[in-house]
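As they're listed, the protein sequences go chains A, B, C and D.
For the first sequence, this note's numbering assigns the number 6 to the initial residue and increments by one for each residue that follows.
For the second sequence, this note's numbering assigns the number 6 to the initial residue and increments by one for each residue that follows.
For the third sequence, this note's numbering assigns the number 6 to the initial residue and increments by one for each residue that follows.
For the fourth sequence, this note's numbering assigns the number 6 to the initial residue and increments by one for each residue that follows.
Positions of the beta carbon are idealized from the N, C-alpha and C atoms, including for glycine.
Number of protein chains: 4
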Amino acid sequence: MAPQQPARQPAPDATRRSERSRRAIYDAALALVAEIGYPRTTIEGIASRAGVGKQTIYRWWPSKADVLLEAFLDLSDQAAQAAQADGTADDAAYALPDTGDLAADLKYVLRATVDELHDPAFEAPSRALAAEGVVNEELGRRFVARLLEPQLQLYVDRLRAAQEAGDVRADIDPRIALELFVSPLAQRWLQYTAPITYEYTDTLVDYALNGLAPR
Amino acid sequence: MAPQQPARQPAPDATRRSERSRRAIYDAALALVAEIGYPRTTIEGIASRAGVGKQTIYRWWPSKADVLLEAFLDLSDQAAQAAQADGTADDAAYALPDTGDLAADLKYVLRATVDELHDPAFEAPSRALAAEGVVNEELGRRFVARLLEPQLQLYVDRLRAAQEAGDVRADIDPRIALELFVSPLAQRWLQYTAPITYEYTDTLVDYALNGLAPR
Amino acid sequence: MAPQQPARQPAPDATRRSERSRRAIYDAALALVAEIGYPRTTIEGIASRAGVGKQTIYRWWPSKADVLLEAFLDLSDQAAQAAQADGTADDAAYALPDTGDLAADLKYVLRATVDELHDPAFEAPSRALAAEGVVNEELGRRFVARLLEPQLQLYVDRLRAAQEAGDVRADIDPRIALELFVSPLAQRWLQYTAPITYEYTDTLVDYALNGLAPR
Amino acid sequence: MAPQQPARQPAPDATRRSERSRRAIYDAALALVAEIGYPRTTIEGIASRAGVGKQTIYRWWPSKADVLLEAFLDLSDQAAQAAQADGTADDAAYALPDTGDLAADLKYVLRATVDELHDPAFEAPSRALAAEGVVNEELGRRFVARLLEPQLQLYVDRLRAAQEAGDVRADIDPRIALELFVSPLAQRWLQYTAPITYEYTDTLVDYALNGLAPR
DNA sequence: AATTAAGCGAGACGGTACGTCCGGTCTTGGT
DNA sequence: ACCAAGACCGGACGTACCGTCTCGCTTAATT
Numbered sequence: 006m007a008p009q010q011p012a013r014q015p016a017p018d019a020t021r022r023s024e025r026s027r028r029a030i031y032d033a034a035l036a037l038v039a040e041i042g043y044p045r046t047t048i049e050g051i052a053s054r055a056g057v058g059k060q061t062i063y064r065w066w067p068s069k070a071d072v073l074l075e076a077f078l079d080l081s082d083q084a085a086q087a088a089q090a091d092g093t094a095d096d097a098a099y100a101l102p103d104t105g106d107l108a109a110d111l112k113y114v115l116r117a118t119v120d121e122l123h124d125p126a127f128e129a130p131s132r133a134l135a136a137e138g139v140v141n142e143e144l145g146r147r148f149v150a151r152l153l154e155p156q157l158q159l160y161v162d163r164l165r166a167a168q169e170a171g172d173v174r175a176d177i178d179p180r181i182a183l184e185l186f187v188s189p190l191a192q193r194w195l196q197y198t199a200p201i202t203y204e205y206t207d208t209l210v211d212y213a214l215n216g217l218a219p220r
Numbered sequence: 006m007a008p009q010q011p012a013r014q015p016a017p018d019a020t021r022r023s024e025r026s027r028r029a030i031y032d033a034a035l036a037l038v039a040e041i042g043y044p045r046t047t048i049e050g051i052a053s054r055a056g057v058g059k060q061t062i063y064r065w066w067p068s069k070a071d072v073l074l075e076a077f078l079d080l081s082d083q084a085a086q087a088a089q090a091d092g093t094a095d096d097a098a099y100a101l102p103d104t105g106d107l108a109a110d111l112k113y114v115l116r117a118t119v120d121e122l123h124d125p126a127f128e129a130p131s132r133a134l135a136a137e138g139v140v141n142e143e144l145g146r147r148f149v150a151r152l153l154e155p156q157l158q159l160y161v162d163r164l165r166a167a168q169e170a171g172d173v174r175a176d177i178d179p180r181i182a183l184e185l186f187v188s189p190l191a192q193r194w195l196q197y198t199a200p201i202t203y204e205y206t207d208t209l210v211d212y213a214l215n216g217l218a219p220r
Numbered sequence: 006m007a008p009q010q011p012a013r014q015p016a017p018d019a020t021r022r023s024e025r026s027r028r029a030i031y032d033a034a035l036a037l038v039a040e041i042g043y044p045r046t047t048i049e050g051i052a053s054r055a056g057v058g059k060q061t062i063y064r065w066w067p068s069k070a071d072v073l074l075e076a077f078l079d080l081s082d083q084a085a086q087a088a089q090a091d092g093t094a095d096d097a098a099y100a101l102p103d104t105g106d107l108a109a110d111l112k113y114v115l116r117a118t119v120d121e122l123h124d125p126a127f128e129a130p131s132r133a134l135a136a137e138g139v140v141n142e143e144l145g146r147r148f149v150a151r152l153l154e155p156q157l158q159l160y161v162d163r164l165r166a167a168q169e170a171g172d173v174r175a176d177i178d179p180r181i182a183l184e185l186f187v188s189p190l191a192q193r194w195l196q197y198t199a200p201i202t203y204e205y206t207d208t209l210v211d212y213a214l215n216g217l218a219p220r
Numbered sequence: 006m007a008p009q010q011p012a013r014q015p016a017p018d019a020t021r022r023s024e025r026s027r028r029a030i031y032d033a034a035l036a037l038v039a040e041i042g043y044p045r046t047t048i049e050g051i052a053s054r055a056g057v058g059k060q061t062i063y064r065w066w067p068s069k070a071d072v073l074l075e076a077f078l079d080l081s082d083q084a085a086q087a088a089q090a091d092g093t094a095d096d097a098a099y100a101l102p103d104t105g106d107l108a109a110d111l112k113y114v115l116r117a118t119v120d121e122l123h124d125p126a127f128e129a130p131s132r133a134l135a136a137e138g139v140v141n142e143e144l145g146r147r148f149v150a151r152l153l154e155p156q157l158q159l160y161v162d163r164l165r166a167a168q169e170a171g172d173v174r175a176d177i178d179p180r181i182a183l184e185l186f187v188s189p190l191a192q193r194w195l196q197y198t199a200p201i202t203y204e205y206t207d208t209l210v211d212y213a214l215n216g217l218a219p220r
């Protein structure tokens, strides 16, 4: 119906695209970012490590950051599928747990997030993408839309359920409410303002639910 | 007694340093980051714009990010001094307002922060430094220690005062508590997750003080 | 069978070399040396004037002197071909004249050499190469083997013919004999020890053929 | 009457000049040229090795080549004085030997020159100066006038004596005649065209005195 | 003896060029 | 047509020196 992307260049034919090269590029990009860091990772380096011509990268991605973003999305999808395969039906990738105890559920999920933020395989590329997004608004928005927002949506869902159960006030906006415990964790991780522990995230949930003022 | 700094290189003689060049470099760095963005700002460009030899930059700073960090610190100091000069004695640079109404005071300060985050002169360099800090831990910690933490400390002080006044529960850790409203704002700004408005920051303060759970 | 060249670097693919760039580099190098002198001629200057990236020079030549040597060889080849095209069959590029009068032939050729040494197009680059060769033995030997020795060989041939004709003693080594008139000219030109004139070269030939001692 | 040099700069006061520094600069310059070669010898390197400020060099010499020229002249003077001290009255520095046998005397002196040209202490700086002189006419003329021409004058004197003794034809110009055996040696040394041996210089003398043509 | 003024060691400074690396484009030959 | 390979133009990197300049410090020569 609607036209595809405007396609300023001769528009490569995606049906002929080499899946082999695409995978090799993702692997090389993630490996290099993990090994030598994002700033020292170069397109030439990725091409060389992937055994691929530079043009093959430039044909399909406009920048180093875009390569990494797609590589990371691909990695996340794979991880999600793997988790779903050997996990329960209500996988964390699709919904937060709902045991009826909101505080406990949030603490559980945030503890899992703490673990993930300490996983070296995720840390290097996601830091790199976050950093790039800070300075490059267009990519930042894409990063948020594709990776961050879907995860935050799970909190929105859980908080809505809590509102129906009467555990959260009805006049609360869940999209804002979730930031009370998610953003502090994000900031500590992004900016090294302070260490990240289970105790810390538990505290965040308590403070957020009960408020700072005396009751 | 105490050892001098390690000084790995021949250690330039700081007493002979050209104040004129230092200022010109700060100005050029800030101007370029504002005009063409951090990634396209180069050491050569700064040197050229400042009318300075490249070596004069490399002699005193190890990297582009360090130049910008010092330039920004200098800018902040100047702004603080200017504010103090024409302001009241209890300047915001030294303490948050304390009218007795904690919610109002916090809302006031956060609104000022919203304004500052929209000020183009501050936005470009601080974004750049934040981004660099995400990916470069050493610089990130310096950025936090020199710029961010001193500002957060003002919230700690205000919250302590509120605890004494009985407006905040005594068992609350102020350093964590402040993150409930500061970090969400930071994240929205850094990652473009959502717009930043007065209404938003007001809401954050209300949620944080009163909690999400029904009272 | 025979080993390939050692090829210490990744060895660029000569078949893909840009002829256009090569020529532009030669032209730029010769022009700059003529205009501003060898020491002030820089690789960057050559690249810029030739409209070429610096790497294109570094890819194919190890040093400024090598660029100039090849540029000059190319120039000489072109001049030789041009001379042959519109000249007689027995071009000076292939043999010295042999009218039967050795003294006259030598004087003729040396006068032509005097003219050439005063030709600004040849002077600047050949001086530069000679100077570099004095201080850089490896390049000096290449300069001699590729440019100087082939010309001297023509004298050897002419002197051999003279020996057969009985105009030069049979026990004379022509390779040494030619130096009696060629080297003095060379030294005056290289070291500015004294001016170079037709009269001077005529005198050299007379002295060399007849000797200094009374007959 | 007439003013001394125009003195474009404030004209340093030579009476206050530090003899200690001058010597240290000469030594450093000669040592560096011998050790790392002329092109890699820098003014900064000389200053540092001599334990001297850069300005002390720039105050007294206009260029690296001039420093080396004076250093070499100084070295030559010292060598000449040393030779005179432990040698005969008629030192080679003041006159060529005159045993009555011109050929033998010339062969003797040229053999001594061959030895000198192989002396590493003299080779590096004199090559460097010669090379610089090829490309820098002004310095070249100074090099010739101060170093080369005085030595050639000794040949002129010896050849004049030979003319009076009837061993050289009266119509010969000694200044040109000497080039028949001196220049070939010079060229072989400067340009690496061929090896330098006693046999070679002996041959040059024979050829020059007797001529190439049959007698 | 105190004062002055130059040379001096040191090295920061504004520059230029070095030789390298990489970005992004283009061309070639192979599949 | 895509791909691996890599040459190409361009531009920034971080380093090395250039030649000038300023800073304190000797060190005479002059008051």
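For A/Tyr99 and A/Asp106, the gap between their C-alpha atoms comes out near 19 Å. DSSP places D/Ile51 in the helix class (H, G or I) of the three-state scheme. For B/Glu137 and B/Ala70, the gap between their C-alpha atoms comes out near 7 Å.
Counting the other Cβ atoms within 10 Å of the Cβ of D/Gly216 gives 16 or more, which makes it buried. Secondary structure of D/Ala85 (DSSP, three-state): helix. When the five nearest sequence neighbours on each side are left out, the beta carbons in the same chain lying within less than 8 Å of the beta carbon of D/Glu128 are those of Leu122, in order along the chain.
Contact of D/Ile41 with chain C is not assigned, every C-beta pair being separated by 9 Å or more.
Between D/Leu195 and D/Arg132, the gap from beta carbon to beta carbon is short of 9 Å. By the neighbour-count definition (other C-beta atoms within 10 Å, threshold 16), A/Gln168 is a buried residue. In the assembly as shown, B/Tyr43 is a buried residue. Its beta-carbon has 16 or more other beta-carbons within 10 Å. Per DSSP, reduced to three states, the secondary structure at A/Ile177 is coil, with no helix or strand assignment. Counting along the chain, no alpha helix (DSSP H) covers A/His123, and no H or E run does either. Identification of residues in the stretch 62-82 of chain A having a C-beta nearer than 9 Å to some C-beta of chain B yields an empty set. Distance check between A/Lys112 and each of A/Ser188, A/Arg21, A/Asn141 and A/Glu204 places A/Glu204 closest, using alpha-carbon atoms only. Close to C/Asp172, with beta-carbon spacing below 9 Å, are these residues of chain D in chain order: Leu217, Ala218 and Pro219. In chain B, no part has a C-beta under 8 Å from the C-beta of A/Ile48; the shortest such distance is about 15 Å. Within the same chain, and ignoring the five residues on either side of D/Val114 in sequence, the residues whose Cβ sits closer than 6 Å to its Cβ are Leu101.
Counting along the chain, the unbroken alpha helix (DSSP H) around B/Thr208 starts and ends at Tyr203 to Asn215.
Straight through space, the alpha carbons of C/Leu214 and C/Arg174 are spaced by roughly 10 Å. Ranked by Cα distance from D/Asp120, the first of D/Ala16, D/Leu209, D/Ile201 and D/Ala218 is D/Ile201. Here DSSP, grouped into helix, strand and coil, assigns A/Asp71 to helix. Note that the C-beta distance between A/Phe148 and A/Leu159 is not below 9 Å. Listed along chain A, the residues sitting closer than 9 Å to B/Leu209 by beta-carbon distance are Ile181, Glu184 and Leu185.
Not a single unbroken stretch of the beta strand (DSSP E) spanning 3 or more residues falls wholly within the stretch 131-187 of chain B. Here DSSP, grouped into helix, strand and coil, assigns D/Asp110 to helix.
Interface residue (Cβ-Cβ distance to chain D less than 9 Å): C/Ile201 is not classified as such. DSSP, read as helix, strand or coil, puts A/Tyr43 in coil. C/Pro67 and C/Arg28 have their alpha carbons spaced roughly 17 Å apart. At a cut-off of 9 Å, the C-beta of C/Thr198 has a neighbouring C-beta in chain D. Ranked by Cα distance from A/Val210, the first of B/Val57, B/Thr118, B/Ile41 and B/Leu185 is B/Leu185. Where D/Tyr197 is concerned, there is no enclosing alpha helix (DSSP H), because DSSP gives it neither an H nor an E. Excluding five sequence positions before and after C/Ala150, none of the CB atoms of its chain fall closer than 6 Å to its own CB. The criterion of a C-beta distance shorter than 9 Å is satisfied by B/Val187 and B/Leu157. In this structure, A/Thr46 sits near A/Ala34, with a CB-CB distance shorter than 9 Å. Counting only residues of its own chain and dropping the five nearest sequence neighbours on each side, D/Leu37 has a CB closer than 7 Å to the CB of Thr46, Gly50, Ile51 and Arg54.
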